[in-house]
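Here the structure comes first, spelled out in structure tokens, and everything after it is commentary.
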Amino acid sequence: MIVIMCANPRLLLTTLLLLSSCNGSSPDRLFKKATANIERGRYAEAIEQLETLTGKQQTYPGAHYYLGIAYNFHGDQPLAMAALETAVAQSPNDPLPHAELGKIYYNRNQLDSAISHFRAWARLDPKNNKPLFQLAGIYLDRKWYDLAYTTFKKITIIDPDNAKARTFMNDLEAKARERALLVNKFGRDRANDIQDASVSDVDFFTRPQDYKGTIIELGSLQYLRKNRFQSSALPEGVSITDHFQIRKKPMRYRSTYRIRFYCAEGRLDRGNFLLSAQ
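To convert, take the position in the sequence shown, counting from 1, and add 356; that gives my numbering.
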């Protein structure tokens, strides 16, 4: 225990501040310790240190953001969200709190709030494609295909060589052509009711009746020929080979081409027609 006796109050205050700095409790040192503890997974210690920096109306730069990070890793999402919201209020032009809030809201399935924060992240960090990928994923889940396509297009403006975004754009263009075929054949209301079915080749050829009224995706050209696929299922004047030639392109992550059909009658015959080959 150290006892300091000093008749001069100003000198006493200076001495106390110097001692505080030397023992590692100055705001800068405390902040560095807290961020280091987050990196080491010592979240409880980091929370205690950051609470010191954010308590009693203190506004140490970045403290609320890292407090939100620590609380989130510690498993306390409500406190994490409160800290991050404070960080947004204190630094409205900082994209990082919006990024973390968007991820938390997404994991809690609060998608409207997630979209709001991901959009703010994208606006404040316009050269970063990560918030755009987050937004595009939500748009796809909600079947907002036009918004998804526009978002992937923005990614290719930021990164013209981004193969993932261009692949999604190609798939969405194919989906738009499918949609046009369905609307043309059945009308808009009926087309809205037609759903994609998750189906393997074996499942379809074993229980085709289970997939009546759905869009199915089947395997390679050789597989369809082996299973006696009838060319009468194709649109008039179009052959399987024609579609493979039209759609033929290198796909790194696909070992075979795929063909999508609308399965009107639960079998591959005149009740079906080809939507696309991939």
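Built from N, CA and C at the ideal position, the CB exists for glycine as well. Quick caveat: nothing in here was measured; it's all calculated off a predicted structure.
Buried/exposed call for residue i, threshold 16 Cβ in 10 Å
i, result
"A439", "buried"
"P453", "buried"
"N485", "buried"
"T410", "buried"
"N428", "buried"
"L631", "buried"
"I494", "buried"
"G431", "exposed"
"A519", "exposed"
"K531", "buried"
"T507", "buried"
"F617", "buried"
"T612", "Any reading at T612 needs caution, since the residue's pLDDT is 47, under 50, leaving its predicted position unreliable; the model's value is listed next. Burial call: exposed."
Residue i - containing alpha helix (DSSP H), residue span
i, result
"W477", "467-480"
"P451", "451-463"
"K509", "501-514"
"E441", "433-446"
"G397", "Unbroken run through G397: none, as it is neither H nor E."
"N485", "Neither: N485 is in no alpha helix (DSSP H) and is coded neither H nor E."
"K568", "Looking at the DSSP string, K568 is not in any alpha helix (DSSP H), and its letter there is neither H nor E."
"I550", "I550 -> no alpha helix (DSSP H), and no H or E assigned at all."
"I498", "Looking at the sequence itself, residue 498 is Arg, so the reference to Ile does not match. Careful: R498 lies outside any alpha helix (DSSP H) and carries neither H nor E."
"A419", "419-430"
C-beta contact flag for residue i and residue j at 8 Å
i, j, result
"Q446", "T415", "yes"
"D549", "I571", "no"
"A400", "I394", "no"
"L488", "I511", "yes"
"P451", "D481", "yes"
"D462", "A443", "Asp is not the amino acid found at residue 462; the sequence shown has Tyr there. Taking 8 Å as the Cβ cut-off, Y462 and A443 do not qualify as a contacting pair."
"R533", "A547", "no"
"K483", "I514", "yes"
"L491", "R475", "yes"
"M525", "K499", "no"
Residue-level contact to chain B via CB, residue i, 8 Å cutoff
i, result
"S447", "Note that chain B does not occur in the displayed structure, where there is just one protein chain."
For residue j and residue i, believed in contact at Cβ under 8 Å, the rounded distance
i, j, result
"L528", "Y501", "6 Å"
"A426", "L406", "6 Å"
"R464", "Q433", "7 Å"
"A455", "W477", "5 Å"
Reference residue i; option with closest CA among the options
i, options, result
"D566", "C619, F542, L435, K520", "C619"
"R398", "L423, E621, G418, P417", "L423"
"L435", "N449, P448, L457", "L457"
"N449", "G418, Y505, R522", "G418"
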